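Protein chains in written order, with our numbering: chain A, 11 to 150; chain B, 110 to 275. Presented below is the structure to which this report refers.
Here's what the structure looks like:
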């Protein structure tokens, strides 16, 4: 699965997610990706999320909307992501990751799986990582 | 407002030999999308461009490089959402489309619906003038190898794809 979230110069927010699904899945199986609130959500008033991971688990906890709910309650993008990913792991045993932005342009890339390839661009800096805790930067 | 773009290339188990490919692809995608934002483009244009680049990159499970279902076929899903209007468009189980994210955007912009599925989504793609591509063009040798490996009795495709706890 791949995805992106963005805030533009006018403060508008958007998300996009795309996937080939689960390896050797049943024909006709649909996961979280095309479901609003699960495979992504964007609201100029709160932020945007694009997730990846075990689709059935993501759907059971409506992961994207859950993260934005925590942000509405005052949590940062990073805190909200960690809370929701931990809940998904505890409640339904699901692993995954998310990229998140808020209307101020604060962002997060968080995951409970071993790896997630991610990259971010802001203020002329490129940020990227793959393993937990990795955060490299270089000029764009 | 300072623009920002964040992308991901999927969670789970990424073999060591594919780690560099995975990192390189998300960096290229974020550069492509961010150049749109820097030129004053919209957040929607930027996320669709970034995801299109990732769909075209065979290193990722989307578009070209998608995993195969149990029948050895490619079925893809995609979603876009606009935070200004809460407008959204999606496609599910769509086949023979090069860039499902662009089709999802057309669902949002050209229909009153949120999601089109399977053959209906393919028909809509044709009606919108999107080129139908051969299924073979979406399938990589790597995807076929993983599909074969997980046809074996006792294989665990979810474990194979998602890996262990972080």
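C-beta: ideal position from N, C-alpha, C; glycine also. All of these numbers come straight from a predicted model, not from anything done at the bench.
Take residue 222 (chain B), set aside five residues on each side of it, and the residues of its chain with a beta-carbon closer than 7 Å to its own are 216, in chain order. The beta carbons of residue 123 (chain A) and residue 121 (chain B) sit closer together than 8 Å.
The secondary-structure analysis by DSSP pairs residue 147 (chain A) across a beta bridge with A:137.
Within the stretch 19 to 66 of chain A, the beta strand (DSSP E) runs of at least 3 residues that lie entirely inside it are, in chain order, 23 to 29, 51 to 53 and 57 to 63. When only Cα atoms are considered, residue 102 (chain A) and residue 148 (chain B) end up about 43 Å apart.
The C-alpha of residue 251 (chain B) is placed about 26 Å away from the C-alpha of residue 213 (chain B). Scanning chain B for C-beta atoms nearer than 9 Å to the C-beta of residue 92 (chain A) yields nothing, as the closest lies near 12 Å away. Between residue 39 (chain A) and the set A:31, A:46 and A:45, the nearest pair of CA atoms involves A:31.
Residue pairing by DSSP puts residue 125 (chain A) in a beta bridge opposite A:141 and B:121. When secondary structure is reduced to three states using DSSP, residue 226 (chain B) falls in the strand class.
Within the stretch 148 to 229 of chain B, the runs of alpha helix (DSSP H) at least 4 residues long that lie entirely inside it are, in chain order, 152 to 165 and 209 to 219. Going by DSSP, residue 94 (chain A) is part of the alpha helix (DSSP H) stretching over 87 to 102. About 6 Å separates the beta carbons of residue 135 (chain B) and residue 128 (chain A), which is inside the 8 Å limit, making them a contact pair.
Chain B places no beta carbon closer than 8 Å to that of residue 82 (chain A), leaving this residue out of the contacts.
Residue 241 (chain B) sits in a strand when the DSSP states are folded into three classes. For chain A, the residues of the stretch 176 to 189 of chain B that bring a beta carbon within less than 8 Å of one of its beta carbons are 176, 177, 178, 179, 180, 182, 183, 184, 185, 186, 187, 188 and 189, in chain order. Within a 10 Å sphere around the beta-carbon of residue 246 (chain B) sit fewer than 16 other beta-carbons, which makes this residue exposed. Residues of chain A whose Cβ lies closer than 8 Å to the Cβ of residue 231 (chain B) do not exist; the shortest such Cβ separation is about 14 Å. Counting every other CB atom within 10 Å of its CB across the protein chains shown gives residue 207 (chain B) a total of 16 or more, marking it as buried.
Ranking A:55, A:56 and A:26 by CA distance to the CA of residue 42 (chain A) puts A:26 first. For residue 217 (chain B), no CB of chain A lies under 8 Å from its own CB, so it is not counted at the interface with that chain. Counting along the chain, the unbroken beta strand (DSSP E) around residue 14 (chain A) starts and ends at 12 to 17. Under the DSSP assignment, residue 267 (chain B) falls in the alpha helix (DSSP H) whose first and last residues are 266 to 271. By the Cβ criterion, the stretch 128 to 148 of chain A is in contact with the stretch 111 to 126 of chain B, since at least three pairs of Cβ atoms, one from each stretch, lie closer than 8 Å. Taken in chain order, the members of the stretch 121 to 142 of chain A whose beta-carbon sits within less than 7 Å of a beta-carbon on chain B are 121, 122, 123, 124, 125, 126, 127, 128, 129, 130, 131, 132, 133, 136, 138, 140 and 142.
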